[in-house]
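Here's the structure, in structure tokens; my notes come after.
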Amino acid sequence: MSIVVSVADLNCLNFVNSYEFETSVRWVVNSTLNPSPCRPDSPGNLTEDGTLPQVPASGCESESNLSMWIYVLLGNVLRGIGETPVQPLGISYIDDFATEENAALYVGCVQTISVVGPVFGYLLGSLCAKIYVDIGFVKMETITITPSDSRWVGAWWLGYLIAGVITLLSAIPFWFLPRSLPVPGPEVPEKCTPEQTSFIKGSPLLKHKYSADEHTSFIEMAKDFVPTLRTLLAHPVYLVYLCVTIIQLNSLIGMVTYKPKYIEQHFRQSASKANFLMGVINIPAVALGMFSGGLLMKRLKLNIMGAAKFAFGTSLIGYILSLFFFAMSCENAKVAGVTLSYDKISYDKHLLFTDCNSKCVCSSSDWDPVCGENGVTYVSPCLAGCTTSAGSGKNTVFSNCSCVGVAGNFTASTGHCPQKDDCDRMFPYFLALSVITSFIISLGGTPGYMLLIRCIKPQLKSLALGFHALATRTLAGIPAPIYFGAIIDTTCLKWGQKRCGGIGACRIYNTTAYRLYLHMYYSVFLTSCLRYVFFSSFSVTPWKLYVRQYKSCL
Numbered sequence: 001m002s003i004v005v006s007v008a009d010l011n012c013l014n015f016v017n018s019y020e021f022e023t024s025v026r027w028v029v030n031s032t033l034n035p036s037p038c039r040p041d042s043p044g045n046l047t048e049d050g051t052l053p054q055v056p057a058s059g060c061e062s063e064s065n066l067s068m069w070i071y072v073l074l075g076n077v078l079r080g081i082g083e084t085p086v087q088p089l090g091i092s093y094i095d096d097f098a099t100e101e102n103a104a105l106y107v108g109c110v111q112t113i114s115v116v117g118p119v120f121g122y123l124l125g126s127l128c129a130k131i132y133v134d135i136g137f138v139k140m141e142t143i144t145i146t147p148s149d150s151r152w153v154g155a156w157w158l159g160y161l162i163a164g165v166i167t168l169l170s171a172i173p174f175w176f177l178p179r180s181l182p183v184p185g186p187e188v189p190e191k192c193t194p195e196q197t198s199f200i201k202g203s204p205l206l207k208h209k210y211s212a213d214e215h216t217s218f219i220e221m222a223k224d225f226v227p228t229l230r231t232l233l234a235h236p237v238y239l240v241y242l243c244v245t246i247i248q249l250n251s252l253i254g255m256v257t258y259k260p261k262y263i264e265q266h267f268r269q270s271a272s273k274a275n276f277l278m279g280v281i282n283i284p285a286v287a288l289g290m291f292s293g294g295l296l297m298k299r300l301k302l303n304i305m306g307a308a309k310f311a312f313g314t315s316l317i318g319y320i321l322s323l324f325f326f327a328m329s330c331e332n333a334k335v336a337g338v339t340l341s342y343d344k345i346s347y348d349k350h351l352l353f354t355d356c357n358s359k360c361v362c363s364s365s366d367w368d369p370v371c372g373e374n375g376v377t378y379v380s381p382c383l384a385g386c387t388t389s390a391g392s393g394k395n396t397v398f399s400n401c402s403c404v405g406v407a408g409n410f411t412a413s414t415g416h417c418p419q420k421d422d423c424d425r426m427f428p429y430f431l432a433l434s435v436i437t438s439f440i441i442s443l444g445g446t447p448g449y450m451l452l453i454r455c456i457k458p459q460l461k462s463l464a465l466g467f468h469a470l471a472t473r474t475l476a477g478i479p480a481p482i483y484f485g486a487i488i489d490t491t492c493l494k495w496g497q498k499r500c501g502g503i504g505a506c507r508i509y510n511t512t513a514y515r516l517y518l519h520m521y522y523s524v525f526l527t528s529c530l531r532y533v534f535f536s537s538f539s540v541t542p543w544k545l546y547v548r549q550y551k552s553c554l
């Protein structure tokens with residue numbers, strides 16, 4: 001129910017205000033002539049540093065003062081409340097009623113299914129990204145941008161709506177699951193259920209026997225919680241594994257969050273295609289790796305130490321393969337005044353204004369890219385020095401562009417210039433390496449998770465899995481996208497601007513810096529993770545591990 005409420009909360013945001021993007025192209029009914037992008041000004045309008053005074057946006061209205069982030073936060077909190085119990089309680093439920101040799105395979109299947117979900121999520125996101133955010137509320141003929149434009153916003157709210165309905169329907173079968181299943185192996189007395197801590201009933205290994213029907217007050221459970229948690233965190237293997245997963249998930253969540261944008265910026269793919277590739281290539285490799293890890297653990301009959309060493313080996317190989325990402329570089333997009341001078345010379349200094357557009361009153365904050373006949377992208381038609389335009393919408397053509405000037409052709413069209421270089425040939429190799437790396441790293445996921453289950457006493461299992469889920473979400477799921485995003489923002493070359501001032505979204509990145517920063521921090525986290533995995537694999541002796549025993553109620 002909390003997931004359904006969160007979906008309704010998040011979808012309310014889309015109907016508060018319509019999305020407006022910055023553009024100098026106007027859609028005019030029954031007209032093929034647009035106003036001139038370049039508004040002539042008196043000579044000498046350039047300042048000493050080669051810039052023009054900021055031109056305030058016309059028709060500026062005060063933006064809504066609603067704190068939209070509160071609705072997003074509330075919706076995600078409710079969604080988290082609804083989905084959090086599924087993983088720890090579900091894994092515990094399966095492990096309680098499975099034999100030792102089959103538990104790894106079953107857990108691997110569950111982990112695989114949990115990864116298959118994002119496959120459909122990315123595919124749904126790819127579909128929604130192709131649909132304009134205000135579809136049904138605006139005339140699409142008036143939209144002058146395409147899904148490949150950085151200003152394009154897809155129908156994100158539609159994905160929440162569809163996913164919410166599917167989640168509600170998938171929750172119905174859970175009501176028909178039995179409270180307990182027959183326990184394989186030696187029979188245990190009926191008064192004992194498979195699992196119980198002193199605050200979760202039912203363990204055959206508790207020092208104190210509880211009947212399954214005995215009532216325990218909330219105060220009694222609260223009193224036992226802190227000592228039990230202290231005992232759990234004092235376990236060396238559990239603590240090391242907790243540190244491993246927190247560090248590893250920091251790197252993986254940061255990478256997965258910004259990998260579609262990396263594909264979009266570095267390899268010049270649309271957001272829709274980037275999400276589609278993540279859904280049909282990367283995520284299935286992770287799912288296959290988790291399932292294969294559980295299957296190998298069953299076939300090879302790995303014990304706890306074997307599982308730990310297997311996880312270390314896969315992490316080491318995945319780390320080595322990830323270093324090859326540093327060599328897959330692409331050149332920055334050719335944008336005059338940002339990555340190139342107006343003479344098409346690469347340089348670091350950003351200078352949007354030059355002699356060819358000195359007679360135009362342009363704003364340096366605008367982002368309305370046009371492609372000149374010379375193959376160079378210009379920040380806006382005004383900065384390209386275009387004085388006339390014809391056509392409407394996406395078919396607008398700008399002419400008399402003084403900064404273009406190639407063989408007498410001074411025209412420009414809307415959008416970025418397509419670039420054909422080695423980057424196109426490198427993209428398939430990047431995808432292949434991503435698939436192999438994702439598969440190998442995830443291959444050790446299920447053995448590592450079984451290490452978590454097997455290294456603790458059965459009566460602590462539910463608490464261990466629940467605290468593990470809480471710690472990874474709090475210390476990895478929340479901060480990783482924040483600081484990865486802050487690091488990536490330092491590579492931005494051109495920021496957009498809101499209608500009434502203030503920094504908007506980044507329009508173009510330094511792809512070289514983006515690549516180095518993203519993979520550098522990813523590798524740093526994997527290096528730290530390997531140190532902890534090595535410790536858990538070779539420094540903890542088997543006799544320190546607690547082995548499960550389902551023999552009798554003590």
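The sequence shown maps to residues 1 to 554 in full-length UniProt numbering.
Backbone N, C-alpha and C define an ideal beta-carbon position, used for all residues, glycine too.
From a predicted model like this one, the values you see are computed outputs, not experimental measurements.
Which value, in whole angstroms, describes the spacing of the CA atoms of residue i and residue j?
| i | j | result |
| --- | --- | --- |
| T314 | C423 | 29 Å |
| Q265 | Y509 | 7 Å |
| L316 | L323 | 11 Å |
| M450 | C506 | 42 Å |
| F430 | D95 | 38 Å |
| P260 | K223 | 46 Å |
| L78 | M290 | 28 Å |
| R454 | T474 | 24 Å |
| L242 | L460 | 15 Å |
| I145 | K301 | 57 Å |
| residue 574 | Y258 | Outside the displayed span of the chain (1 to 554) sits residue 574, for which this structure offers no information. |
| G504 | Y93 | 47 Å |
| S126 | P479 | 25 Å |
| C492 | H235 | 45 Å |
| T51 | N400 | Unreliable placement is indicated for T51, whose pLDDT of 48 sits below 50; no coordinate value is reported for it. |
| N303 | V86 | 27 Å |
| K209 | P481 | Because K209 carries a pLDDT of 38, less than 50, the predicted location of this residue cannot be relied on, and the following value inherits that uncertainty. Each residue's Cα considered, the two are about 45 Å apart. |
| G59 | F410 | The pLDDT assigned to G59 is 49, lower than 50, so where the model puts this residue is not dependable; a value taken from the coordinates is nonetheless given after this. About 30 Å. |
Could you say which of the options lies nearest to residue i if we only look at CA atoms?
| i | options | result |
| --- | --- | --- |
| G385 | C356, C371, Y71 and V397 | C356 |
| S364 | V237, T167 and T354 | T354 |
| A104 | S358, R507, T512 and L443 | L443 |
| Y238 | K420, K498 and L465 | L465 |
| I135 | G121, V115, V376 and L158 | L158 |
| K498 | F398, P381, W367 and K457 | W367 |
| G164 | S126, N76 and G154 | N76 |
| C360 | T387, R151, K334 and C371 | T387 |
| I456 | R179, F176, L233 and W175 | L233 |
| Y319 | P173, V524, S358 and T245 | V524 |
| S148 | N275, S114 and F174 | N275 |
| S270 | G90, K130 and C362 | K130 |
| L383 | A336, T411, T396 and C128 | A336 |
| A307 | E83, L452, G477 and L123 | L452 |
| A471 | I246, Y71 and L73 | I246 |
Mind checking residue i: buried by the 16 CB within 10 Å criterion, or exposed?
| i | result |
| --- | --- |
| H350 | exposed |
| G485 | exposed |
| K102 | The amino acid occupying residue 102 in the given sequence is Asn; Lys does not appear at that position. By the neighbour-count rule (16 or more Cβ atoms within 10 Å), N102 is not buried but exposed. |
| G502 | exposed |
| N374 | buried |
| N250 | buried |
| D343 | exposed |
| A469 | buried |
| Y514 | buried |
| L463 | buried |
| I440 | buried |
| V280 | exposed |
| M278 | buried |
| K544 | With a pLDDT of 45 at K544, under the threshold of 50, the modelled position of that residue is not reliable, and no figure is offered here. |
What is the C-beta distance between residue i and residue j, in whole angstroms, given that I count them as a contact (C-beta under 8 Å)?
| i | j | result |
| --- | --- | --- |
| V133 | W156 | 7 Å |
| I283 | V119 | 5 Å |
| A287 | G448 | Their Cβ separation, rounded to whole angstroms, is 16 Å, which puts A287 and G448 out of contact at 8 Å. |
| V435 | V379 | About 37 Å; that fails the 8 Å criterion. |
| I487 | Y522 | Not quite, the Cβ-Cβ distance comes to about 11 Å (not below 8 Å), so this is no contact. |
| T446 | M255 | Not a contact, Cβ separation roughly 20 Å. |
| G415 | P369 | 6 Å |
Which partner residues of residue i appear in the DSSP bridge assignment?
| i | result |
| --- | --- |
| L475 | DSSP, once it has assigned bridges, lists no residue as partnering L475. |
| Q497 | I503 |
| F267 | None, per the DSSP bridge assignment. |
| A464 | Looking at the DSSP assignment, A464 forms no beta bridge with any residue, so it has no partner. |
When you compare the CB of residue i with every CB in chain B, is at least one pair closer than 7 Å?
| i | result |
| --- | --- |
| G90 | Of the protein chains in the structure, only one exists, and it is not chain B. |
Is residue i a contact residue of the ligand GDP, with contact defined as CB to any heavy atom under 6 Å?
| i | result |
| --- | --- |
| A155 | The ligand GDP is not part of this structure, which contains no ligands at all. |
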